[in-house]
Amino acid sequence: MSTVQVEGVTVRFGEVTAVDDVTLTAEPGVTGLIGPNGAGKTTLFDVVSGLRRPSAGRVLLDGADITAKSPHQRSRAGVARTFQRLEVFGSLTVRENVVVALESRRRSPRLAEGLLDRVGIARFAANQADTVPTGAARLLELARALATEPRVLLLDEPSSGLDRAETDAFGELLRELSAEGRAVVLVEHDMDLVMGYCDIVHVLNLGRLLVSGPPDVVRAHEGVREAYLG
């Protein structure tokens, strides 16, 4: 059971404040992080995964301060992340992409098939990764992240390229993964996925936390409708 917290996190780029004094918690379960483009969502993921140091504030993993830890150290501690822009090893097969992650943790390459089957892309195992559909590549990123045995999963636009049926299956998979004790956090624009499968939703707008709560509370919030949902 893992919990990740950001406390008073601020990120500035020169005179521009991309994230402004944000405090939130993601516990075991599925947590949504939504907001308009430029709201600071991916920047906040960068802070949690260690790719960017905050200008102020700190990041905690199960109560331990990891703000000064490198991305590699955070990965070893159980934080895994996918990216809005696909980051697969295009010249390797789908299976080989997962094997790379398994071997980085000294785990058996034979586990690759099970991971690919779990995310629903076993049929692409022998395909070169840069030739598979976008949705399959997104799921490959998830399989590769799972190969590292994460306690916290940060997923940036994970449903991009999936059709409705695939997205619903993906939502059920997120529930399964979180039921195993993981904190699953997704930045996502598909509101059916967010409102249908997330336990808690945090809304960012202009770098600030606008509201946090269960999907029904967030959906009914007047400020959220004005800023994002319309």
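Everything in the sequence shown is counted per full-length UniProt numbering, starting at 1 for the first residue and increasing by one. All residues carry an ideal CB built from backbone N, CA and C; glycine is no exception. Note that the structure is a prediction, hence the values are computed from the model and not measured.
Reducing DSSP to helix, strand and coil, say where D199 ends up. D199: coil per DSSP, three-state reduction.
Sequence-distant residues of the same chain with beta carbon closer than 6 Å to A26, five excluded per side: Within the same chain, V4, A183, V185 come within 6 Å of A26 by CB-CB distance, once the 5 residues on both sides are set aside.
Cα-Cα separation, C198 to E188: When only Cα atoms are considered, C198 and E188 end up about 11 Å apart.
Residue of T43, V6, E7, V30 minimising C-alpha distance to G207: Selection T43, V6, E7, V30 evaluated against G207 yields T43 as nearest (Cα-Cα).
Coarse secondary structure for E15, derived from DSSP in three states: In the structure shown, E15 sits in coil (DSSP, three-state: anything other than H, G, I, E or B).
Taking one C-beta from the region 14-29 and one from the region 161-169 each time, how about it: are there three or more such pairs within less than 8 Å? Between the region 14-29 and the region 161-169 there are fewer than three inter-stretch CB-CB distances shorter than 8 Å, so the stretches are not counted as touching.
Along the chain, where does the beta strand (DSSP E) containing L116 start, and where does it finish? Not the beta strand (DSSP E): L116 falls in the alpha helix (DSSP H), residues 112-119.
Quick check on the burial criterion: 16 or more other C-beta atoms within 10 angstroms. Buried or exposed for T135? This sequence places Gly at residue 135; Thr is not what is there. With 16 or more other Cβ atoms within 10 Å, it is buried.
Let me know if T31 comes out buried or exposed under the rule of 16 or more other beta-carbons within 10 Å of its beta-carbon. Flag for T31 reads buried.
Boundaries (first-last residue) of the beta strand (DSSP E) holding L60: Per DSSP, L60 belongs to the beta strand (DSSP E) from 56-61.
Got a sec? Which residues, its chain only, sit under 7 Å from L139 by beta carbon, not counting five neighbours each side? If we look at L139 and ignore the five residues flanking it on each side, its Cβ neighbours are V119, G120, I121.
Could you round the C-beta distance between A129 and L92 to whole angstroms and report it? I think they count as a contact, below 8 Å. About 6 Å; that satisfies the 8 Å criterion.
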